[in-house]
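2 protein chains.
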Amino acid sequence: MEQVTNIFQNITEQECSQMMHCFQAAEKRYSAGSVISTYSRDSQKIGILREGQAILVRIHSDGRQTILEDLHQGDIFGEALTFENFDIGTMQVVCTENCRILFFDYACLIRRCQKACTFHSQLVHNSLQIMSRKAVQLSERLEILSQRSIREKLFCYFSILAARNGRETFQLPFSFSSLADYLAVDRSAMMRELKKMKEEGTVEVEKRRIVTIYPRQPF
Amino acid sequence: MEQVTNIFQNITEQECSQMMHCFQAAEKRYSAGSVISTYSRDSQKIGILREGQAILVRIHSDGRQTILEDLHQGDIFGEALTFENFDIGTMQVVCTENCRILFFDYACLIRRCQKACTFHSQLVHNSLQIMSRKAVQLSERLEILSQRSIREKLFCYFSILAARNGRETFQLPFSFSSLADYLAVDRSAMMRELKKMKEEGTVEVEKRRIVTIYPRQPF
DNA sequence: CTATTTTTGTTGCAAATGCAACAGTGTTAT
DNA sequence: ATAACACTGTTGCATTTGCAACAAAAATAG
């Protein structure tokens with residue numbers, strides 16, 4: 023079974039164009055910094071982030087705002103999907119990069135349309151996959167951030183990457199600066215810790231290539 | 023619109039029992055510490071956590087394990103929903119409390135059964151709601167844990183609770199010990215910080231009743 | 001190729017944090 | 001009623017961390 027990253031995965035070109043019509047789909051572009059107003063205006067639409075990055079924010083009464091969710095390529099969003107018991111209009115989707123977004127009717131996703139398109143099951147499956155994979159990713163990062171020290175955070179993240187790669191060696195997916203952001207720690211403090219770990223021989227670092235050397239397990 | 027916490031919300035009793043048959047549903051009980059083996063054996067089943075708590079863990083080759091997800095009441099899980107590009111059998115759902123779990127066929131959820139039950143849309147809608155609400159919750163905690171200091175973490179969490187309650191006063195949903203766990207900080211350090219904040223007058227604490235006093239916004 | 005920007009690597013220092021340990025208070029079980 | 005247990009509140013101390021600041025290397029743009 024393959025990994026689902028695209029809501030239209032395993033749906034043919036032909037079915038897609040058929041569906042676009044069926045669902046009254048429309049693609050729109052937004053520039054970095056702009057607010058996707060369709061979000062609050064038409065709660066019946068859901069959006070698929072085809073390209074770019076965005077955030078889902080909640081606006082507090084005092085003007086402060088909380089980031090509720092980070093949205094990346096392939097993510098699905100829409101009021102129909104995030105409704106909680108707070109007021110409509112207090113939430114916004116804001117583009118942090120130039121975005122390309124495909125909107126379509128939420129009702130179409132959850133029930134079959136008149137024409138009884140056969141790919142509906144696949145579409146629902148893909149949606150569920152994308153959302154549950156997101157939960158796993160978020161939980162993964164939560165586990166990392168729950169670690170108390172920088173050293174533990176590094177270890178935790180490294181072992182996830184190692185496991186994902188199936189070996190003790192792997193490539194960092196981003197720069198050390200971004201790594202510090204991802205681990206939510208100070209970059210210089212992280213570098214210092216990394217240096218110590220190298221000296222102690224618990225990791226080997228060469229550019230973005232990392233080799234983890236697990237300490238002997240006590241038992 | 024109301025908050026969806028139960029996958030069967032807005033589905034009548036009658037439809038439910040009809041569905042149970044339709045979906046070959048079965049409820050099982052697990053005691054704390056036990057592994058839900060159905061998870062890896064029958065990948066076509068999904069589970070609904072009706073009662074209790076569980077975790078989704080990945081078992082590494084060296085015996086170590088990573089918690090991928092925390093599962094709480096109402097959560098949906100199943101291999102069909104969490105499959106990534108790692109081996110089957112390396113993941114387990116382990117009960118951390120006594121659990122009551124309802125299993126049913128995943129295929130039934132995503133496509134209409136022979137009898138064309140009308141509540142399918144509702145079921146799919148509920149599933150999507152539950153999963154997206156989970157993403158919001160996880161992101162919320164991520165934002166909190168991304169804060170650098172204990173003070174910022176407290177503020178961040180308190181303002182989320184305040185916003186949720188619609189006022190500056192609210193009740194902590196759990197003990198201070200649990201709060202420290204939730205914020206992933208040392209309890210005594212948190213108490214110390216809380217004391218400082220009380221002295222400075224930025225919060226009022228009386229048992230589990232918290233009043234946040236926002237500092238004047240600079241502009 | 002050169003200028004500019006981003007990333008990496010370092011350090012001193014003050015402040016924040018975790019740890020350990022203990023006492024007091026409240027809660028629950030027997 | 002009393003014991004057992006969980007939660008709260010506190011403190012000293014060693015360690016870790018964040019911050020600020022700077023230099024060098026690497027990547028990118030013009």
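Protein sequence lines correspond, in order, to chains A and B.
Add 22 to the 1-based position in the first sequence for the numbering used here, that's all there is to it.
Add 22 to the 1-based position in the second sequence for the numbering used here, that's all there is to it.
All C-beta atoms in this analysis are idealised placements derived from N, C-alpha and C, irrespective of residue type, glycine included.
Residue i versus the options, residue with shortest Cα-Cα distance
i: residue 171 of chain B; options: B/160, B/78, B/188 and B/215; result: B/215
i: residue 56 of chain B; options: B/81, B/118 and B/91; result: B/118
i: residue 100 of chain B; options: B/183, B/131 and B/39; result: B/131
i: residue 113 of chain A; options: A/102, A/123 and A/50; result: A/102
i: residue 34 of chain A; options: A/140, A/47, A/127 and A/98; result: A/140
i: residue 52 of chain B; options: B/224, B/115, B/144 and B/145; result: B/115
i: residue 173 of chain B; options: B/29, B/205 and B/47; result: B/205
i: residue 31 of chain A; options: A/153, A/212, A/147 and A/197; result: A/147
i: residue 222 of chain B; options: B/235, B/210, B/212 and B/211; result: B/235
i: residue 128 of chain A; options: A/159, A/47 and A/224; result: A/47
i: residue 225 of chain B; options: B/77, B/207, B/190 and B/210; result: B/190
i: residue 24 of chain B; options: B/152, B/79, B/41 and B/58; result: B/152
i: residue 185 of chain B; options: A/80, A/41, A/98 and A/203; result: A/80
i: residue 42 of chain B; options: B/98, B/126, B/180 and B/175; result: B/126
i: residue 154 of chain B; options: A/98, A/39 and A/209; result: A/98
Supposed contact pair residue j and residue i - C-beta distance, whole angstroms, cut 8 Å
i: residue 227 of chain B; j: residue 218 of chain B; result: Going by Cβ atoms, the distance from residue 227 of chain B to residue 218 of chain B rounds to 12 Å, so no, they are not a contact pair.
i: residue 157 of chain B; j: residue 67 of chain A; result: That pair is no contact at about 19 Å.
i: residue 37 of chain B; j: residue 90 of chain A; result: Residue 37 of chain B to residue 90 of chain A, Cβ: 33 Å. No contact.
i: residue 165 of chain B; j: residue 122 of chain B; result: Not confirmed; about 32 Å, so no contact.
i: residue 70 of chain A; j: residue 124 of chain A; result: 4 Å
i: residue 192 of chain B; j: residue 183 of chain B; result: 5 Å
i: residue 145 of chain B; j: residue 29 of chain B; result: 7 Å
i: residue 78 of chain B; j: residue 160 of chain A; result: The pair is not a contact, with the Cβ atoms about 12 Å apart (cut-off 8 Å).
i: residue 213 of chain B; j: residue 196 of chain B; result: Incorrect: roughly 15 Å between the Cβ atoms, too far for contact.
Own chain, CB closer than 7 Å to residue i, minus 5 neighbours either side, in chain order
i: residue 194 of chain B; result: 201, 230 and 232
i: residue 211 of chain A; result: 172
i: residue 179 of chain A; result: 166 and 205
i: residue 181 of chain B; result: 234
i: residue 92 of chain A; result: 77
i: residue 239 of chain B; result: Only weak support is given to the placement of residue 239 of chain B: the predicted model assigns it a pLDDT of 43, under 50, and the question is left unresolved by the model.
Cutoff 6 Å; reference residue i; Cβ partners in own chain excluding five residues on either side
i: residue 27 of chain A; result: 96
i: residue 120 of chain A; result: 53, 54 and 74
i: residue 175 of chain A; result: 166, 169 and 205
i: residue 49 of chain A; result: 124
i: residue 45 of chain B; result: 126, 127 and 130
i: residue 40 of chain A; result: none
Cβ shell of residue i (< 8 Å), same chain only, five flanking positions each side left out
i: residue 188 of chain B; result: none
i: residue 94 of chain B; result: 71 and 75
i: residue 207 of chain A; result: 172 and 175
i: residue 108 of chain B; result: Low local confidence applies: a pLDDT of 48 at residue 108 of chain B is under 50, so the model's placement there is unreliable, with the coordinate-based value given in what follows. The answer, listed in chain order, is 80.
Residue i CB to nearest heavy atom of the ligand GTP below 7 Å
i: residue 68 of chain A; result: This structure simply doesn't include the ligand GTP, nor any ligand for that matter.
Proximal residues, the stretch 217-233 of chain A versus chain B, C-beta separation under 7 Å | Residues passing the 7 Å Cβ filter: none.
Can you give, in chain order, each stretch of the beta strand (DSSP E) that sits fully within the stretch 126-166 of chain A and has at least 3 residues?
-> Within the stretch 126-166 of chain A, no complete beta strand (DSSP E) run reaches 3 residues.
Could you list the residues in the stretch 157-169 of chain B with a C-beta less than 7 Å from some C-beta on chain A, going in chain order?
-> With the criterion set as a beta carbon lying under 7 Å from some beta carbon of chain A, the members of the stretch 157-169 of chain B are 157, 158, 160, 161, 162, 163, 164, 165, 167 and 168, in sequence order.
If you measure beta-carbon to beta-carbon, which residues of the stretch 25-51 of chain A are closer than 8 Å to chain B?
-> Residues 25.
Only counting runs of 3 or more residues, tell me where the beta strand (DSSP E) segments fall wholly within the stretch 168-234 of chain B, in order along the chain.
-> Taking only runs of at least 3 residues, the beta strand (DSSP E) segments lying wholly in the stretch 168-234 of chain B are 191-193, 225-228 and 231-234.
Closer than 9 Å, Cβ to any Cβ of chain B: which residues of the stretch 205-217 of chain A, in chain order?
-> Contacts with chain B (Cβ-Cβ distance below 9 Å) from the stretch 205-217 of chain A involve 206, 207 and 208, listed in chain order.
Ranges of the beta strand (DSSP E) found wholly within the stretch 24-78 of chain A, counting only runs of at least 3 = The qualifying runs are 48-52 and 67-73.
Between the stretch 122-135 of chain B and chain A, which residues of the former have CB atoms less than 9 Å from a CB of the latter, in chain order?
-> From the stretch 122-135 of chain B, only 128, 129, 131, 132, 133 and 134 have a Cβ closer than 9 Å to chain A.
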